[in-house]
Structure formats: C-alpha cells, structure tokens
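Residue 187 in this note's numbering sits at position 185 of the sequence shown, and the numbers go up by one each step.
Idealized CB from N, CA, C, for every residue including glycine.
Note that the structure is a prediction, hence the values are computed from the model and not measured.
The structure appears below as structure tokens.
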Amino acid sequence: MLSANARREEIYHLAVTTGLASVEELSARFEVTASTIRRDLALLNAQGRLARTYGGAMALGAHPEASLRQRTGEAFEQKHAIARWAASIIRPGENILLDAGSTVGALAHELRGFGKLSVTTPGINTMQELADSEGIDVDCLGGRLRNVSQSFLGPLAEAALERMSFDSVFLGADAVTAENGICEADHAQTRLKELMARRGNSVYVLADSSKLGQRPFHAWVRLALPWTLVTDDGADPAEVQKFRDAGVAVEVAETPRHGTGTSP
C-alpha cells in the first residue's frame, strides 16, 4: 500500500491529467476510506495544489466552469434546504433582488405562488420560475448574456442597478471564504455582484457546504459587513466558525435527513 504522501501525489497527478477526481473513485482506486480521501483532498487544497468541488477535487485551472444545468443537479437537497430558509424570511410586499445561479434559482422556485412581491433578477432560470406567478412583479436586468451561467451582466445591467434599491439581496457563489468573500469564474460577474450587494438593506449569500473555504477561480467579491451566509448542516463547524470570527452572520439550514427548519 502506498504511503500517505505517495497517495496524495498520485491523486494530484490524476487530477492534473484528467481534470477531475471524485472521492468515490479515489477511495476505490487506493483502497482507503472516503474519509481518508477527503483529508487528502483537504490537504492538497490547503497547499494550493487542487481546488475542492462537490464530491471531489479538480486541478486549478484544469477544468472548465460547470454550466447552470450541471450545477442544478449538484447538492440538490442542500440547495433546496437553503432556499426554504431564505424564502421563510421574505415578507409580502418586499422588493428583493435575486442573483442568477442554481441555489438562488431554487429560492425562486420556493417563491412561486408567494403572493405580492417585487423581484429583480439577471438570471434566466429565476425569470422562468416566476414568469407565471400571479402577484409577483419581475424586473429583468438586461445586458450581455453569459451562456454558461444563463444570466445577464455588463454595463447595461450595472447602469440599471445604480437606480435601484432593495429590501434584501440574495447572492449565489461558485465558492466563498471568510477572508476573501465570494469566488467567481468571471470578473464581470464580480463587478455585478459587488454592485448588487451595495444596493440591498440586507445581503444574504446562499452557498451549500461544499463551497465553503474553496478557491476554484481567481475573481473575488469582497463584501462589506454586515452580511449573512446561509449554508446547510453538512458544513464543517471549523469552517463556519471562520466566518463568524470574521463578523459574518451564519444561518445553517437543516436538510431533510436531519429534520426541517434551521439551526443557529
């Protein structure tokens, strides 16, 4: 059996040559437990050699950004638990901003049939979810269509946002860290998200537990306090504490296997 160091080098080589390495495949290949592989991946991530993904890891810069369709099927229960928590704090008559993305799209789904509400969004999936919901007024931020995320961005969207304000802003994220904020694949996305955050009385970042502490890309959105991270109960307590230590409020949504509701 390989030593731990040799195994990690093999894992790194596989990720570099194939682009992606899953916990399940690596566990079977090296005949060790999934927990052992997760520790290996965490160490390689901390060393800046690999980026963590949901269920595995990828070489930095070696794998393209996942499409919205792909991301919608990942961490499905976690994203919908987060969406239910977010929907529970929205009040009738509010004016809210919904980002693009799979988790915020799940929130839009939860709001179908909500009643009187004003929603502004750059996300095509959010528009589609709410298109036939009576009582919900939807304003669409136009601009340049970014195909992979199915959302609009650029100067036109930014100019429109400058003339708006919101009770609450709900942002998605490719990843999020306590030190740097939201990680995104595209600098144009970061500019739009920064402006979104500035236009809200309250700002919520919806990110499932696999995204916490990760750095898959090199574009960042630094958020001014106060803001709230909403994640799921699979989050590493130590990672959650980093956010709290940085002054970020954290809400943890319970997934169905643990019950319903929220935990502090």
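Buried or exposed: which applies to residue i, given that a residue is buried once 16 or more other Cβ atoms fall within 10 Å of its Cβ?
i	result
residue 132	buried
residue 195	buried
residue 252	buried
residue 227	exposed
residue 82	buried
Once DSSP output is grouped into helix, strand and coil, what is the label at residue i?
i	result
residue 229	coil
residue 89	helix
residue 99	strand
residue 65	Only weak support is given to the placement of residue 65: the predicted model assigns it a pLDDT of 46, under 50, and the question is left unresolved by the model.
residue 183	strand
residue 189	helix
residue 42	helix
residue 17	helix
Based on Cα-Cα distance, which residue from the options lies nearest to residue i?
i	options	result
residue 52	255, 98, 217, 225	217
residue 189	12, 213, 223	223
residue 230	246, 238, 239, 44	246
residue 112	89, 100, 49	89
residue 167	175, 186, 147, 100	100
residue 114	165, 3, 97, 130	130
When DSSP builds the beta bridges, which residues end up paired with residue i?
i	result
residue 237	Beta-bridge pairing links residue 237 to no other residue.
residue 170	98, 204
residue 150	Its beta-bridge partners do not exist; DSSP assigns none.
residue 251	230
residue 199	The partner list for residue 199 (beta bridge, DSSP) is empty, contrary to what the question assumes.
Output the boundary residues of the beta strand (DSSP E) element that contains residue i.
i	result
residue 135	From DSSP, residue 135 is part of no beta strand (DSSP E); its letter is neither H nor E.
residue 221	221 to 223
In the DSSP assignment, the alpha helix (DSSP H) including residue i goes from what residue to what residue?
i	result
residue 119	Note, residue 119: premise wrong, no alpha helix (DSSP H); beta strand (DSSP E) at 119 to 123.
residue 161	157 to 163
residue 106	104 to 112
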